[in-house]
Amino acid sequence: MHGNESEFLQGISGFLGGFYITLAVINGIAALYVWEGLHKPKLALVWLTLAVFFLILSPLALSGEAHLMEVISVPESIRNLINAVIGIPWVYSTGTLLLLSLLYIFRNFFVKPVVAWTGLNAALLLMGLSITNPSFAAIVTKPDNVPIVGLVFLLGFFTWLSANKAVTNDQRMKQGLEPTEKQDQEKVLVWPDLVYTELICMIAVMALLLVWGILLQAPLEEPASSVKTPNPSKAPWYFLGLQEMLVYYDPWMAGVVLPSLIVFGLMAIPFIDFNKQGNGYYTIEQRKFAYLTFQLGFLVMWVTLIVLGTFLRGPNWNFFGPYEIWDPHKVEALNNIDLSEYFWVIGLHRALPSAPPDAGAMEQIGYIIFRELPGILLLAGYLLVMPPLLAITVFRKFFVRMGFLRFMLMANLLLFMMLLPIKMVLRWTVNLKYIIHIDEYFLNF
Amino acid sequence: MPATEKTWRSQKLMHAIFGISGLVLLLSTYWMLQADHSREWKGYQRNARNIERDLTRWQKYEFQTREVQDEVEKLAEQLKAVQTKDLDKALYAKLIKKIENPIPDSDSSKIDLSEIKSLHDQLQQASDKTEIRQQLIAQLQEIVGKAKSDEKERSRLRKFQNANYDAAKAKLSLGVRDSLSDDEMTALQAKVDRESDEVAKRTETYEAFNTYRKDLEDTLGQMTTEEVDASKALEGKQADLKLLEVAAQESTVTYFESSFPFLGKKWLELPILDAFNSPLTIDNHHYPELLVDYNFKGVARFDRCTTCHRSIDKASTHDPRKPAYLPARELTLLLGTPDAKPEAVKTLREVYGIRIANEGLVDSNDLTVSYVRPSSPAALAIAAPDTENTNRKTGLQLRQVVAQSLNQLAEPKNGLQVGDVILAINGNKILEERAFQRFLMQTTKWGELLKIRVRRGLPQPYTGHPRLDLFTGPSSPHALQEIGCTSCHEGQGSATAFKWTSHTPSNLDQREAWQKEHGWFNNHHWIFPMYPNRFAEASCLRCHHEVTDLQPSERFPEPPAAKLMAGHKLINSYGCFGCHEINGFDGPDQRVGPDLRLEPNYFAVAQELGHLAERRVRDYQKQLQKVSGDADQLAEVNRRLAILSEIRNLAGQVASDWEHAHGARQQLRELLSSKIESTSDEPLLPASDNLARTLNDVDSPGRLRKVGPSLRYVGHKLDKKFLYDWIQEPKHFRPGTKMPQFFGLREHLDGTDLETSQKFEPIEIRGIVTYLLQQTQDYQPVDPPTDIDPVDSAEQLERGKRLFQTRGCLACHTHEAFPAAKPTVTNHFAGEIPHGPDLSALGSKLIRSGKADGPRWLQSWLREPSNYHVRTRMPNLLLEPIEQRDPTGKLTGVVTDPVADISAFLLSFRSDWQPVPAASQPADLVNLDEFVLQLLSNTYHQQAAKRYLEQGIPESMRSELKGAELELVGSASTEQKLLYVGRKAVAKYGCYGCHDVPGFEDAKPIGTGLADWGRKDPSKLDFAHITHHLHHEREHQHAGHESEHSDLLDPYFEQLIGDHDRAGFAMQKLRQPRSYDYKNITNKGYNERLRMPLFPLSDQQREAVLTFVLGLVAEAPRAEYVNRPQGREKAIVEGRQVLEKYNCGGCHVLETERWSLTFQADDFRNPPTTKAYPFLRTRYNVQQTTESEQKDYRDRMHAQVSGFPALSDEDGLPQVWDEEDDPLDDEELYQSDNVSFRFDLWKPALLNGNAYEVGVIQLQVPAPTIEKKFAPRGGHLTRYLLPRVVALEQEVNPSVKGSEAWGWLPPPLVGEGRKVQTDWLHDFLLDPHPIRPALFLRMPRFNMSSNEATKLVNYFAAMDQADYPYEFDTRTRASHLASEEAEYRARLRERNLPEPGADEMARLDAAMNIVVNNNYCVKCHLIGDFEPEGTARTKAPNLANVFQRLRPEFVRRWIANPKQIHSYTSMPVNIPYDPDVDHAGGVSQDLYTGTSTQQLDGLVDLLMNFDTYTENRSPVAPLVQPAEPTAELSANSAAVAGGSP
């Protein structure tokens, strides 16, 4: 392996050197823009320093020498720490949830361009420092995954952009001004405003596709075989969220019911949405519920799951830290227990209720229901008791404005959506396998 | 809001962005086109094209030499001479007359002949006639053309008329349909008649015109025939040159076409343009029948390999079997220089016949030879010998080397060739042509040889495929168009870039170079990576399932797959298939690959059943005494005894010969499975159900026997100490053994793992020994013969030694007393693998204290091996008592037993081997208990296991136990525990895979099946911590054990392991089979450890085995691609398997040595003309004769001769002669290039148009003329013994001739198929009897089946194109004899000789006269009861049996001239043929009246009808006493006659 490592570093050095030079250049441009456009010399000096810093890193990277490269790598202790932390599964999802909550709460701070630019630089620097690690590089530079890396940065940018605009609007509206979008009510010309822009986009995209096609070979793998499945066996990137759901739910639930509900829920939005505010301009204050629900559903429960599936799920669908070797021999003990077992065996110290051998069909069903009663009650409680409870507590105003039917629909959709994170956390914390486990009729939940 | 002019964004900025993005798009588009333009295959194609262009250009030089041009000029002059001649006057007059009298009614009549006539007149007078003649001929041709057009016109008219006629006929038919009136019909008929008449008329006209035109043409043709012939000759001479010119033009691509400034094709190769219709294109070869397995579907194969490998199937111009370019390699040649300095003006070409090209082929700076004149010094340059010393040998050594008949396959490197790159002269680097010229023309020492170092061949991908006669060539069996590339080599055939085609490096240097040059990487996504070159032969197995069809053959004398064959041989002889089944069948009829499986174990089952039944019989016999009072019980016991004895009986039959006892096996099985035990609880035979099941028929059963000896009676042969030592480490006693090592493989262990091994292994060994000895069954050794005289032991040893040497033992075995008898290495990949074990130091093994009686066993074994082991391959040597002779050859009356002699000789050899001390120590009881407990806990709970360990397993559980646990029933004594451990160990290590072990008759092989291992998914291989182990091993050795460096795993394979490649896995598995346990077993039970033993293979052998295993992919292509030999080919392939199985080639020569000769016209003497029977002469057709006279560019002819080096009469070693044509002195040193050999032809040969017959002349072959030597097949012992038996015989009879020694040894089987009758050979193989008294040894009786004998018989017949399986001898027809007899009598009458009585066979009697005449046959031959005088060597086979044994045509040829069949025979020509004397020679007319040919036929008829003849002589009828009808008989006949009872 030792020989391979220096070979690897040699191989990556060219790219990494170019990467740092690019970073230096864009920071230089940023400095120029801040100096010339915004007339903020101090800030410009900061970016210029950063550019110089990157410029210093680039020859180190270009050298390809192991001992020089070590300087521009994430130290091993930190790598191990990150691996260890990510290795705790619930950290990732609760962590992303927490992170997004922080971003939301302190959005006024984060939407500042300086903060965003710092964040972007930090992220790119982290990536540069990490890519000297073969395991990290193998995942990130795989032709399949390169678009996902792009996706992460694009999503970050657009999320920031929308939040930035929304915060500006919210502040303006607090001051009684109208949102910025309302100021530009002029009509624009098809030519050149629309068509010209589209033309430029077309050209740019074509150039991008050409370069992509030359540089990144099609990630073809071996012919599919029924006796040998790739390990890990991954869905296309856009389905990785669904695949992650399969870990926690049976296929009929994760593959049929929940996706159907997603489609159904999206169709129902116009009927549920009663908030007339926020049309045609960015805002958070006026549409907090919608904003939060969307960010939770899209960013946390879709995009982060894609990122998770792409970068952190390795052989045997095990969790791997970003710097960990994807070794198929890694084994994790997965001792999951059903709720009924928790209740009957661990709680009450008795065997699971089971029908006598000569019982009739109905009797058997009876026993099964009896056995799974805790789960059934819990689920029924969640879906039947929670909505009224919500209606009279936190969503009181909503209930009043929406009426019974619309509220119930909304509440149930919301509760179904929340089933996923709840189950994930339960799985990771108390090893809960199924809330209701009726293997006899393939009805597991 | 109204529209304003204001835009949303700044237009200036937009323009800028647009400009930049447009530029980016332009650049990326250009980048794309550039990337396409610089795809690597385009460069290769361009280069390949240039190489081809240069080569064709250079080939043209051959046609531009002075000689060729002279010839062309000569032909041109001849043409000119013809053209200046006058026209033939008679023909001219005839023609003019014809033209003047044309067919009436033709336009030709208007032809004006005046001009022609005047031209003709001018021609008569002209001095330069060429032009006028041309004009005249042109005019005449014009007239012929006119006649032609006239004829054509008439033909058209006839055709039209025919159409009218057809239309009229059709109308008539329609009239019939429409039932027209008679009148109308008549009118229509009339019309038809009219049209018909017209057709006839026009046909006549046409024919007249046709004849006229042909006449004209013929006459004109006759007038110009000379001219046409001459111009054809000229064209023919230039045709090849024209072809080359066309080829050169085709491979030249320019921007402009040469003649006109038209655009050339090279424009299309420019960047951007080449994206559209470039002349450089990807080669697509489509193989719709050869599928690639994409798991769900077989997909048609697309191979694009030839896109880069352009000249892969391009043959050399000199030899279509050789590629135009081989991979580049360097070689040194010796170039002769002129005796004196040539004149200054002479060029290289004139002096040496060599020309240097302006530019090299691949690298333009290379100094490349572009022309070599045939038979010039350059063409005749010879390969420099590698070193001086190795070539000098003493005469004796040289002759011994020749006697070994080794392959000599080195490629001849003779002569400089076109394309060679000059590197150095006499060690000086040459970089430019001037330097080259200076060396050759100035600084040379004249008359001496110059050492020229050249590089021949080209780098990849421009080279051709090796052996075009076998691969890719259009006439080869694997033509590129049919087989493609990836179907053999694998790899991604559709890819067009080096790294995507999955090339696989064959060594680390290559790997590194590829990584650097081509960005090669190990693409594990493509599941069919190319076989690396070193394993390339593996893929042969996909179609060649029989494997033996890959042996060298007549058509392909060089081994086509030597490494693979070595692997096959190794697997066969080490018995890998005992544990790792290689099942070639997927279902009973579907063959998927080679089939190497054990045969059904019927014989062992039967033996075990016999043994069990025997024991039960004894039990019941005891019971019989007890129950004598109770009648019912008595009856039951008796019934059981009857069944048991029936079982015993049938089992005996099956055991001794199951292949022919199918019925007995069925009966036995039925008997066992029928409900015979219903009356009692007590089972008749314990555990017989499984055994009975094992007797079932098997679909397509395996064919191989277990490779090890039977251990069923091992206790009678070996004792405890030997067994312990042997099992612990077989090579401790016998270094060269094939038995692998199971124990003490600990190099990967340390700490507790190591301790566990040290603790438990001795227990296991002791267990196995105990088990084997305890299970040893009763065995009756064969008794020695009585009436043996007591012998002196020293004499006995001497006799034993001689017998061991000469009775054939050394054909299969080796012995330290005869080091020279080791088999020669015929396949260097496999090394030497003797057929049987080395027999040195048998004394140490067999003479041991204790119960085992080794010496007695040895004698019994030698007398009848199958008595001890039914399926042994050791033949019965039929060692019968011998009556000794004194030195004069007289019988002394002392009878000795050869078996006793040989065994005394063998036992007299002892080594200093001592069994390991542990062998004599008792088992460590503490460890034994611990081990047994561990074994028991695998089956039972801890508590129960502990209990069983102390008390044994309760008797009540017996019925539910299987296998080893049975040993512990009742109690747990140390003995029982050892038995338990032993039985477990035998099962664990699979001892029964090679040996017959009692108690394991129905056990299954323990290893992974290998039938598809070559495709095994590497992710299913457990590499465990092997890289760490290897790393650790290397570190350890670096730490100071320098000497062991060579033992490390080849870094190439280490790299493969790193790549998770199955070849790397298997290599390490063979090298250190247990090493995958490294750091992997501490937390596992002792029995979960790996158990594969270490086989004593060299690295090379391991690689050969690996080549075979990697080829096992169980993926047969469609039936038409699989090599399924049919007919004779099949017989040969199957026969070879049997030949190998029984090592027939150990004694017999199966195919002769073959020498490829390349010689000049005067190298060989012309054969003398002899008078021989016409039918003996080999006929050659003209084509064969001209081919044999064909000279190559070095002015040499080629031929291949079959036979053996002639033996010297003195010592039976080959004759070798020095430069002065004196026999070599044994002591003196000789250069092996300067000698010449004498070669005995065994097959007629054609050299330089001369026919050389067998036995007429010894070919005198100078060493330099030998291009290649192909080793003979078989005869290793015979060739070893040749000089030795001569020496032995010379002790008795100093005058014997060494050249006749072939006749005293196992007869060569070359031509056996034409020689013997098939049914005789079949019976002889199964039950051989002595035929030749002269032989030192006799044919042993092999342990083979009738089926195998049949295969052998068919093999021999097929090899010689003889009839099989049956042949009919027309000479035995009564009508044939009668008509010949009548003819003979007529001859007698004609010559007024007395005619014998009518019931006599006058002709055969006369023939018998020759036979019994003292001068002829009876001088040497035995006939019936008659035996001639003289020593054994002078006696010849019994003639009374010839009619059964030999084929008539053979007998005829043999008597006519025996030497022409076997040149070594001492039999003379008895009936000489000489057409110039009376009766065309022959024997005296007193003996047989008739010509020599008639006498010959008479003799053959007698020999072939000897049975009829003797029957005639001794009638049986007179011997029968006429019997009186008895009373009873007459009563019976009366009753029958009466018709009532």
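Protein sequence lines correspond, in order, to chains A and B.
Here the first sequence is numbered in this note's numbering, starting from 419 and rising by one per residue.
Here the second sequence is numbered in this note's numbering, starting from 10 and rising by one per residue.
C-beta atoms are modelled at their ideal positions from N, C-alpha and C, and glycine is treated no differently.
Helix, strand or coil: which one does DSSP assign to residue i?
i, result
"Y700 of chain A", "coil"
"H1040 of chain B", "helix"
"R476 of chain B", "coil"
"Y733 of chain B", "helix"
"Y1087 of chain B", "coil"
"W1463 of chain B", "helix"
"P775 of chain A", "coil"
"G307 of chain B", "strand"
"P332 of chain B", "strand"
"H1054 of chain B", "Residue placement at H1054 of chain B cannot be trusted, given a pLDDT of 47 that sits under 50; what the coordinates show is reported in the next sentence. DSSP places H1054 of chain B in helix when its eight states are reduced to three."
Can a CB atom of chain A be found closer than 8 Å to the CB of residue i?
i, result
"T6 of chain B", "The structure shown does not extend to residue 6 of chain B, since chain B is modelled only from 10 to 1550, so the question has no answer here."
"Y733 of chain B", "no"
"N416 of chain B", "no"
"A1123 of chain B", "no"
"M10 of chain B", "Since pLDDT at M10 of chain B reaches only 47, below the 50 mark, its modelled position is unreliable, and the value read off the structure follows with that caveat. Judged by the 8 Å Cβ criterion, M10 of chain B is in contact with chain A."
"R18 of chain B", "yes"
Taking the alpha carbon of residue i as the point to measure from, which residue in the options has its own alpha carbon closest?
i, options, result
"E457 of chain B", "B:E1321, B:N435 and B:I439", "B:N435"
"P1102 of chain B", "B:G661, B:C585 and B:E655", "B:C585"
Check whether chain B comes within 8 Å of residue i, counting only Cβ atoms and requiring the distance to be less than that.
i, result
"I444 of chain A", "no"
"P561 of chain A", "no"
"L499 of chain A", "no"
"D611 of chain A", "yes"
Contact criterion: CB-CB distance below 8 Å. Does residue i meet it with respect to chain C?
i, result
"W1022 of chain B", "In the displayed structure, chain C is absent; the protein chains listed are A and B."
>> Contact between the segment 917-936 of chain B and the segment 715-733 of chain B is defined here as three or more beta-carbon pairs at a separation below 8 Å; is this criterion met?
In response: yes
> Per the contact definition of three or more C-beta pairs closer than 8 Å, is the segment 590-609 of chain B in contact with the segment 1004-1024 of chain B?
Replying inline: yes
>> If contact is defined by three or more beta carbon pairs under 8 Å, each pair taking one atom from either stretch, is the segment 1084-1100 of chain B in contact with the segment 818-828 of chain B?
In response: no
> Along the segment 638-661 of chain A, what residues have a CB closer than 9 Å to any CB found in chain B?
Replying inline: L638, E639, E640, P641, A642, S643, S644, V645, K646 and N649
>> Assess contact between the segment 1352-1361 of chain B and the segment 1480-1492 of chain B, defined as three or more Cβ pairs (one per stretch) separated by less than 8 Å. Is contact present?
In response: no
>> For the structure I just gave you, are there three or more beta carbon pairs, one from the segment 337-351 of chain B and one from the segment 32-45 of chain B, closer than 8 Å?
In response: The segment 337-351 of chain B vs the segment 32-45 of chain B: no contact.
>> Please identify, using Cβ separations under 9 Å, the residues of the segment 526-545 of chain B that lie next to chain A, in order along the chain.
In response: H533, H534, W535 and I536
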